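Visitor: Got a structure here, written out as structure tokens. Questions coming.
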Amino acid sequence: MFKIFFRSVVVLLLMLLVTSTTFAADKHSIWKADKGASTVYLVGSIHLLNQQSYPLPEIYDRIFSESQNIAFETDLDQIQSPAVQQRLLLAASFKPGNSLQTVLADETYAKLKRYLTAQGLSIENLSGLKPWMLCLTLSIIEMQKLGFSPQFGLDQHFMQKAQRQGKIVLQMESVDEHLATLTGLDRLDQNILVEQTLRDLDKVSTLFGNMVSAWRHGDAEQLDRLINGSMRAEPQLKELLLDRRNRKWCAKVESLLELKQTAMVVVGAAHLAGKGSVVELLRQKGYRVEQL
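For the sequence shown, the positions run 1486 to 1777 when the working numbering is used.
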């Protein structure tokens, strides 16, 4: 279950860790969709990188320069604002009368407490967080130990560049829609989530290793297997995190293709690989979509 959660929630929000600046790839996690005079570049997003991950391969800067419009999953400035962060914290926190101890099984709670104590953390200080948010928080901590930060993420990189160059910045979904996806994680089995998270936290680097290689080499089939494959056993979760958003984003891409301009769309790689992806949906609608 954690692999489903980790390869979906964390991967969709934080995506892939890149441990090297060597990009010797025949292809990239970039797709080009055409309609007449319009072009949309679909770029698989990496939300967590380090300073050594740059410079990117030349193709990224080239398609950025060609694009008048740059679209991201949501409003990256607004999502980081204190007001929105407070809304997320409230949604991810228990209402009075509930806590980790009241919603988790005794055995699960005891395992969690032992893990946090070993990490120098107090479960009492975290008891107000819902399990899915706690799991996400612990995963982020592990990633930061590896030296990666959202400030170097691919979306942040191109957002700052777009603002400096005066590009038109668009969003694939509103902040409200983005938050609704996160809060929908309440429907997961929280005990199983915590149990698997505790078992797999020490595998963070290993779990990402194969994904990194697939992303770097533009191996869409392997990305699909690694990121999306485990979610197929959880159709409700796949619908929440991927499928319904892909359908909406496909329509957004179609709208961009009506502008007779060039756009660059930066979204999580999980949305671009495999069955039900934005790429597949566009092809089903008759658009020509090629991987670069």
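We treat Cβ as the ideally placed atom computed from N, Cα and C, and that holds for glycine. Just so you know, these numbers come straight off a predicted model, no measurement behind them.
Answer yes or no: do Arg1768 and Asp1519 have a C-beta to C-beta separation smaller than 8 Å?
Guide: Locating residue 1768 in the sequence shown gives position 283, counting from the first residue. Locating residue 1519 in the sequence shown gives position 34, counting from the first residue. Going by C-beta atoms, Arg1768 is not nearer than 8 Å to Asp1519.
Visitor: Spatial neighbours of Phe1508 within its chain, please: C-beta separation below 7 Å, excluding the five flanking residues on both sides.
Guide: The count along the sequence shown starts at 1 and reaches residue 1508 at position 23. With a pLDDT of 49 at Phe1508, under the threshold of 50, the modelled position of this residue cannot be trusted; read the value that follows with caution. Pro1542 and Arg1701, listed in sequence order.
Visitor: Taking 8 Å as the cut-off, does the region 1751-1759 touch the region 1521-1529 (at least 3 CB pairs, one atom from each stretch)?
Guide: With a cut-off of 8 Å, the region 1751-1759 and the region 1521-1529 count as touching, because enough Cβ pairs lie within range.
Visitor: Within this structure, are the beta carbons of Gln1721 and Arg1672 separated by less than 8 Å?
Guide: Here residue 1721 is taken as the residue at index 236 of the sequence shown, counted from 1. Here residue 1672 is taken as the residue at index 187 of the sequence shown, counted from 1. In this structure, Arg1672 lies closer than 8 Å to Gln1721 by Cβ.
Visitor: Which word fits Met1486, buried or exposed, when buried means at least 16 other C-beta atoms lie within 10 angstroms of its C-beta?
Guide: In the sequence shown, counting from the first residue as 1, residue 1486 sits at position 1. Any reading at Met1486 must be qualified, since the residue scores a pLDDT of 35, below 50, and its modelled position is unreliable; the value itself is stated next. The residue is buried, with at least 16 neighbouring Cβ atoms inside 10 Å.
Visitor: The beta strand (DSSP E) spanning Arg1773 covers which residue range?
Guide: For the purposes of this step, residue 1773 is taken as the residue at position 288 of the sequence shown. Start and end: Arg1773 to Gln1776.
Visitor: State yes or no: is the C-beta of Leu1639 within less than 8 Å of the C-beta of His1513?
Guide: In the sequence shown, counting from the first residue as 1, residue 1639 sits at position 154. In the sequence shown, counting from the first residue as 1, residue 1513 sits at position 28. No, these two residues do not count as a Cβ contact at 8 Å.
Visitor: Spatial neighbours of Glu1558 within its chain, please: C-beta separation below 8 Å, excluding the five flanking residues on both sides.
Guide: Counting from one through the sequence shown, the residue named residue 1558 turns up at place 73. Answer for Glu1558: Ser1530, Asp1640, Gln1656, Met1657, Glu1658, His1663, Val1751, Val1752 and Gly1753, listed in chain order.
Visitor: Which residues mark the beginning and the end of the alpha helix (DSSP H) in which Lys1517 is found?
Guide: The residue given as residue 1517 occupies position 32 in the sequence shown. Careful: Lys1517 lies outside any alpha helix (DSSP H), inside the beta strand (DSSP E) at Ile1515 to Lys1520.
Visitor: Which residues share a DSSP beta bridge with Phe1557?
Guide: For the purposes of this step, residue 1557 is taken as the residue at position 72 of the sequence shown. Beta-bridge pairing links Phe1557 to Gln1656 and Val1751.
Visitor: For chain D, check one thing: does any of its Cβ atoms lie closer than 8 Å to the Cβ of Leu1726?
Guide: The structure shown contains no chain D; it holds only a single protein chain.
Visitor: Going along the chain, which residues of its own chain have a beta-carbon closer than 6 Å to the beta-carbon of Lys1723, five neighbours each way excluded?
Guide: Your numbering for residue 1723 matches position 238 in the sequence shown. These residues qualify, in order along the chain: Met1716.
Visitor: Which whole-angstrom value is the C-beta distance of Ile1564 and Val1660, which I expect to be below 8 Å?
Guide: Within the sequence shown, the letter at position 79 stands for residue 1564. Within the sequence shown, the letter at position 175 stands for residue 1660. Ile1564 to Val1660, Cβ: 6 Å. Contact.
Visitor: Give the range of the beta strand (DSSP E) segment to which Ser1530 is assigned.
Guide: Locating residue 1530 in the sequence shown gives position 45, counting from the first residue. Unbroken beta strand (DSSP E) run through Ser1530: Ser1523 to Ser1530.
Visitor: In three-state terms, what does DSSP make of Ser1698?
Guide: Your numbering for residue 1698 matches position 213 in the sequence shown. Note: Ser1698 maps to helix in three-state DSSP.
Visitor: Among all the DSSP beta bridges, which residues are the ones paired with Leu1534?
Guide: Here residue 1534 refers to the residue found at position 49 of the sequence shown. According to DSSP, Leu1534 bridges with Ser1634.
Visitor: Does DSSP put Leu1541 in a helix, a strand or coil?
Guide: Along the sequence shown, one-based indexing puts residue 1541 at 56. DSSP places Leu1541 in coil when its eight states are reduced to three.
Visitor: Is there contact between the region 1579-1589 and the region 1609-1624, where contact requires at least three CB pairs shorter than 8 Å?
Guide: yes
Visitor: Can you give the Cα-Cα distance for Ser1552 and Asp1728, rounded to whole angstroms?
Guide: Walking along the sequence shown from the start, residue 1552 turns up at place 67. Walking along the sequence shown from the start, residue 1728 turns up at place 243. Rounded to whole angstroms, Ser1552 to Asp1728 spans 27 Å at the Cα level.
Visitor: What are the boundary residues of the alpha helix (DSSP H) that Leu1611 is part of?
Guide: Counting from 1 along the sequence shown, the entry for residue 1611 is found at position 126. It spans Ile1608 to Leu1611 - the alpha helix (DSSP H) in which Leu1611 sits, taken as one unbroken run.
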